[in-house]
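K.L.:
In my numbering, the protein residues as written are 39 to 177.
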Amino acid sequence: MLQTVRQMDVASIEIPDWKCVGCGECCVGEENFVRVFYTEAKRLSEVMGVDVHDIIEPNPQTISGVHLGWILRREDNKCIFFDGGRGRCRIYQNRPIVCRTYPFMLDFEEGRIALRVFECRGLGNRNSTSPHSLKRLLK
């Protein structure tokens with residue numbers, strides 16, 4: 039998939055108008071897991087000066103009993119880095135890739151790459167994400 043992402047024509051990606059409104063809804067909720075690669079969690083733990091397993095846990099979603107990677111730890115159905123009082127991420131400058139690209143995700147549809155867009159209050163707001171910046175993040 040990585041090779042395909044690098045080769046795709048970024049001008050062909052149609053990104054709906056979107057701008058983060060800082061509501062934090064993507065950071066909270068029973069089903070909103072922040073999936074991370076172990077390598078990015080390790081980097082984050084080094085920046086924070088903590089053990090990597092203090093900030094991640096196995097993804098509770100499984101296929102045939104096998105966990106699907108890692109998620110950031112959660113407390114009270116929210117990401118441990120979400121500051122509910124301020125409605126902001128405490129690690130915004132170092133946030134994981136999935137947080138940088140939300141509500142967008144590349145997916146395969148009928149043998150082609152498609153842009154999936156999740157529900158988000160920021161949709162319909164002035165577009166602050168260009169196809170080129172999204173492509174850089176998804177590489």
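Note that CB positions come from ideal geometry on N, CA and C, so glycine has one too.
All values derive from a computational prediction rather than experimental measurement.
Checking the sheet assignment: what are the DSSP bridge partners for glutamate 95?
P.N.:
By 1-based counting over the sequence shown, the position of residue 95 is 57. Beta-bridge pairing links glutamate 95 to Ile109.
K.L.:
Could you name each continuous alpha helix (DSSP H) segment of 4 residues or more that falls completely within the stretch 52 to 93, going from the start of the chain to the end?
P.N.:
Within the stretch 52 to 93, the complete alpha helix (DSSP H) runs of at least 4 residues are 76 to 86.
K.L.:
Can you tell me which of the three DSSP states cysteine 137 falls into?
P.N.:
If you number the sequence shown from 1, residue 137 lands on position 99. Three-state result, cysteine 137: helix.
K.L.:
Hey, could you find the ends of the beta strand (DSSP E) isoleucine 151 is sitting in?
P.N.:
Along the sequence shown, one-based indexing puts residue 151 at 113. Run containing isoleucine 151: 150 to 155, per the beta strand (DSSP E) assignment.
K.L.:
Let me confirm a value: leucine 106 is counted as buried when at least 16 other C-beta atoms fall within 10 Å, else exposed. Which label applies?
P.N.:
Residue 106 sits at position 68 when you count from the first residue of the sequence shown. Leucine 106 is exposed by the Cβ-count criterion.
K.L.:
Ordered along the chain, which non-local residues of its own chain (more than five positions away) have a Cβ less than 6 Å from that of proline 141?
P.N.:
Residue 141 sits at position 103 when you count from the first residue of the sequence shown. Answer for proline 141: Val155, Phe156 and Cys158, listed in chain order.
K.L.:
What residue from Cys58, Val66, Pro54 and Trp56 has the CA that sits closest to glycine 122's CA?
P.N.:
On the sequence shown, residue 122 is found 84 positions in, with the first residue counted as 1. The option with the nearest alpha carbon to glycine 122 is Val66.
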